[in-house]
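Asker: Using our numbering, you'd call the opening residue of the sequence shown number 147 and step up by one each time.
Positions of the beta carbon are idealized from the N, C-alpha and C atoms, including for glycine.
None of these values were measured; they are calculated from a predicted model.
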Amino acid sequence: MVETIKIAFVATVIGFVVALPLSVMAASNLSPIEIAVPTRILLAGMRSLPSIIWAVLFMIVFDMGTLAGICAMSFYTVGYLGKLQFESMEGIKNAPLGGSQAMGMTERRRPGSWHSRVGQSPPEPPLVHV
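1) At 4 residues or longer, and completely inside the region 165-217: list those alpha helix (DSSP H) runs for me, N to C.
2) Between the region 160-173 and the region 211-231, can you find at least three pairs of beta-carbon atoms closer than 8 Å?
3) With a 10 Å radius around its C-beta and 16 neighbouring C-beta atoms as the bar for buried, classify V276 as buried or exposed.
4) Among residues of its own chain, excluding the 5 on either side of Y226, which ones have a beta-carbon nearer than 7 Å to its beta-carbon?
5) Where does I160 sit, in a helix, a strand or coil, going by DSSP?
6) According to DSSP, is G225 helix, strand or coil?
7) Excluding the 5 residues flanking A114 on each side, which residues of the same chain have their C-beta closer than 7 Å to its C-beta?
8) Mark M171 as exposed unless 16 or more other C-beta atoms lie within 10 angstroms of its C-beta, in which case mark it buried.
9) Return helix, strand or coil for I238, following the three-state DSSP convention.
10) Return the CA-CA distance between K152 and A248, expressed in angstroms with no decimal places.
Spelled out as structure tokens, the structure:
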């Protein structure tokens with residue numbers, strides 16, 4: 147029982163760490179379309195396979211054990227968290243970016259650059275009440 151909880155926790159942390167940069171790359175307002183579309187396809191592919199299929203695939207690769215479980219749950223988590231995060235990042239308002247462009251700010255000083263925009267992405271309502 148304790149090992150199962152450890153596997154789930156580690157897989158979720160790994161999934162989040164991997165999903166965050168992928169979700170930034172998949173958000174069309176933060177990345178060029180040439181990067182956003184393939185990243186969205188990758189996230190959709192990871193999300194489309196059920197976790198049991200990932201588990202079977204990783205059991206074939208790594209043999210039955212903890213590593214196979216962590217990898218299977220991580221891949222599944224990356225797909226779902228990546229989609230939730232990139233949709234949230236696409237909901238960011240563009241008004242601060244337009245205002246800073248109108249004032250003639252450089253790209254580096256502009257508050258609309260991707261690293262400042264990720265910070266303003268609103269939490270998804272279903273995730274707020276968890």
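Answerer: Taking the structure as given:
1) 179-194 and 197-208
2) yes
3) Residue mapping note: residue 276 aligns to position 130 of the sequence shown, counting from 1. Unreliable positioning characterises V276 in this predicted model, as indicated by a pLDDT of 49, which lies under 50. The coordinate reading is nonetheless provided below. Label assigned to V276: exposed.
4) On the sequence shown, position 80 is the one that residue 226 refers to. Result list for Y226: R193, in chain order.
5) Taking the first residue of the sequence shown as 1, we reach residue 160 at position 14. I160 falls in the helix class under three-state DSSP.
6) One-based indexing of the sequence shown puts residue 225 at position 79. Of the three classes helix, strand and coil, the one that applies to G225 here is helix, per DSSP.
7) This structure leaves residue 114 out entirely; the chain is present only between 147 and 276.
8) One-based indexing of the sequence shown puts residue 171 at position 25. With 16 or more Cβ atoms within 10 Å of its Cβ, M171 is classed as buried.
9) Translated into positions along the sequence shown, residue 238 becomes position 92. Three-state result, I238: coil.
10) If you number the sequence shown from 1, residue 152 lands on position 6. If you number the sequence shown from 1, residue 248 lands on position 102. Going by the C-alpha atoms only, they are around 50 Å apart.
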